[in-house]
Structure formats: C-alpha cells, structure tokens
Ligand SMILES: C[S@@+](CC[C@H](N)C(=O)[O-])C[C@H]1O[C@@H](n2cnc3c(N)ncnc32)[C@H](O)[C@@H]1O
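Numbering (the numbering used here), first residue to last: 680 to 951.
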C-alpha cells in the first residue's frame, strides 16, 4: 500500500523486524492492522521507542521534517498569522511528546481507571502523536485541538488511514473550542501564558460544574510541574511517574516528567 501522504522527498526508508511476522516491511507501506498491532506491541513493552521510525510509520516523515517544510515556506507569515500564540514552528524534536511518554501516560491513566466513558483531549495536539497513540492503545475517545491546520491535516490523514473511530482532530485556536465534554486533558507545554491562563480558568469552571453535578473529577496531565498547575488549589497531585530516557540528555531529562493532577472533590478547595 502506498503511503497516503506523499512526502517522498523527505521519506527516509525505514524498516522493522519482528512485529511484522519477521518479514521486513517498509513502515509506511504496512497495513493499518499491522500498524495498530505494532503500536500495541510497543505499548506492552518497556524498551526505548524510536521516535523517527514511529513518525514515519504514522505520518510518512518525522515531525521535525514535516515542520521544517511548514516553516521554511513562510516563517514571518506564520509569526504574524498567529501573533500572541505559540505555534512552535520549525523547532526541535523536544517540542513533540516522545512515544515513551505517551506509553507511560496511557498506562498510568489506564491504571487510574481511564475507560471508554472518558474523553481525552490533547490541547495543542501538534501532529497528533499523543492522540493517535492513545487511540490505538486505549478505549477512551481521544481528541486533539491544534492551531495549525497543516498539522491537523497530517494527523487526520493518519487517523483515517488507521481507521481509528475513537480519534478526532479539530483545527482551531483552543480559545474558540468547547472542550467541556472532556474528562482528561493533556498538555505538553503548548500555549502562550495568556492562552494557558484562559484554558486553565475554563478547566477550573468545568471541574466546579462537575463537582456540583456530582460527576467524577477531571484529570490533567502536564509536562513537568508546569508552574501554573502547581498553584491551582482545586488540583491535587495524583501521580508523577518518572521516565527513564535511554538518551538522558538536555532535552529528555527530569524536566520531561509528566504530572497527573486531579480536580479535588472537596468543595471548599474552590472557595476563592
Ligand atoms: C509543544 S507542541 C506539543 C504538541 C503535542 N501535544 C505533542 O506533545 O506532540 C504544542 C502545540 O500547541 C499548539 N498551539 C499553540 N497555541 C495554540 C492555541 N492557542 N490553540 C491550539 N493549539 C495551539 C502549537 O501549534 C503546537 O503544535
């Protein structure tokens, strides 16, 4: 099967053994079923995950390659178009969640009871690494909201190719999106400070509504201690799983630990 997105210029041949019945199959040509099966095998394992290889499997090119194409075209235009926001265009691998982190987060959330009743949002979802990973390895509804339509196009093409009915992407500014159906929210350092404050305030209101309605608390997963989360009295820390990076360098260090918070069930925590 030919890859749905033709990034032939940037496509670097990659191969994988084992998960594909011991035959070597170019990743971008693997069937949707093989791909999902392979991702589930990785999810069940503990070893390092080759980000570049998985990007090729899902998107036909790595996120950094895709992003280079995006920004080389018009860096100034991009900056002007998204003034006041952080499109994170043309930067490094570190701005995308490593697949090992997705594995840890999905495992931990599943351990904490995530089910098909949950709606997991990645707010600022980029190329959809986290949403696609969760969609393949968990039963929750998985949704991504992303400012740059070019990235959503790539993520949606992967979603369609893999036939993931529980995955959905929206191209929009998060400020304009109603995410009140969400129960779990994921952040990988996505927004400018004003936008982050806007989102957190709306999450606080959502948590309060759910508390008053007797619904379950909301869960927030954030990269690092993510400053703003720490000072929210309506959030309690649920888990801080450590990530062991095989390449423990300046990008992938303790800073990349994800913290799982949950809105507290105590009404007085909401008192201002
Ligand atoms: C650091 S990247 C993380 C992407 C993805 N969550 C991941 O971990 O792979 C943050 C993303 O948030 C997006 N973003 C920034 N401001 C946004 C906004 N106001 N609304 C929606 N997305 C936004 C950026 O365009 C970027 O793709």
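Glycine included, each C-beta is placed from N, C-alpha and C at the ideal position. These numbers were taken from a predicted model, which means no experiment stands behind them.
So residue i is in the beta strand (DSSP E); what residue range does that whole segment cover?
{"i": "residue 915", "result": "914-918"}
{"i": "residue 801", "result": "798-802"}
{"i": "residue 899", "result": "898-902"}
{"i": "residue 939", "result": "937-942"}
Can the beta-carbon of residue i be found less than 8 Å from the beta-carbon of residue j?
{"i": "residue 718", "j": "residue 818", "result": "no"}
{"i": "residue 864", "j": "residue 826", "result": "no"}
{"i": "residue 737", "j": "residue 811", "result": "yes"}
{"i": "residue 797", "j": "residue 862", "result": "yes"}
{"i": "residue 776", "j": "residue 867", "result": "yes"}
{"i": "residue 772", "j": "residue 750", "result": "no"}
{"i": "residue 762", "j": "residue 746", "result": "no"}
{"i": "residue 814", "j": "residue 830", "result": "no"}
{"i": "residue 942", "j": "residue 886", "result": "yes"}
{"i": "residue 838", "j": "residue 778", "result": "no"}
{"i": "residue 800", "j": "residue 780", "result": "no"}
{"i": "residue 874", "j": "residue 854", "result": "yes"}
{"i": "residue 714", "j": "residue 843", "result": "no"}
{"i": "residue 897", "j": "residue 908", "result": "no"}
{"i": "residue 871", "j": "residue 764", "result": "yes"}
With a threshold of 8 Å between beta-carbons, can residue i be considered close to chain B, or not?
{"i": "residue 802", "result": "Any reference to chain B falls outside this structure, which holds one protein chain only."}
Counting C-beta neighbours from all protein chains within 10 Å, is the total for residue i 16 or more, i.e. buried, or is it exposed?
{"i": "residue 785", "result": "buried"}
{"i": "residue 884", "result": "exposed"}
{"i": "residue 944", "result": "exposed"}
{"i": "residue 910", "result": "exposed"}
{"i": "residue 820", "result": "buried"}
{"i": "residue 760", "result": "exposed"}
{"i": "residue 919", "result": "exposed"}
{"i": "residue 724", "result": "exposed"}
{"i": "residue 938", "result": "buried"}
{"i": "residue 791", "result": "exposed"}
{"i": "residue 807", "result": "buried"}
{"i": "residue 756", "result": "exposed"}
{"i": "residue 876", "result": "exposed"}
{"i": "residue 916", "result": "exposed"}
{"i": "residue 739", "result": "buried"}
{"i": "residue 869", "result": "buried"}
{"i": "residue 794", "result": "exposed"}
{"i": "residue 741", "result": "buried"}
{"i": "residue 710", "result": "exposed"}
{"i": "residue 880", "result": "exposed"}
{"i": "residue 901", "result": "buried"}
{"i": "residue 734", "result": "buried"}
{"i": "residue 766", "result": "buried"}
{"i": "residue 712", "result": "exposed"}
{"i": "residue 834", "result": "buried"}
If I follow the unbroken alpha helix (DSSP H) through residue i, where does it start and stop?
{"i": "residue 780", "result": "778-790"}
{"i": "residue 715", "result": "711-723"}
{"i": "residue 774", "result": "Segment: none, residue 774 is in no alpha helix (DSSP H) and carries neither H nor E."}
{"i": "residue 733", "result": "730-738"}
Discussion item. Please give the ranges of any alpha helix (DSSP H) in the segment 805-871, keeping only runs that are unbroken, at least 4 residues long and fully inside the region.
Written reply: For secondary structure counted as the alpha helix (DSSP H) over 4 or more consecutive residues, the segment 805-871 holds these complete runs in sequence order: 808-816, 828-840.
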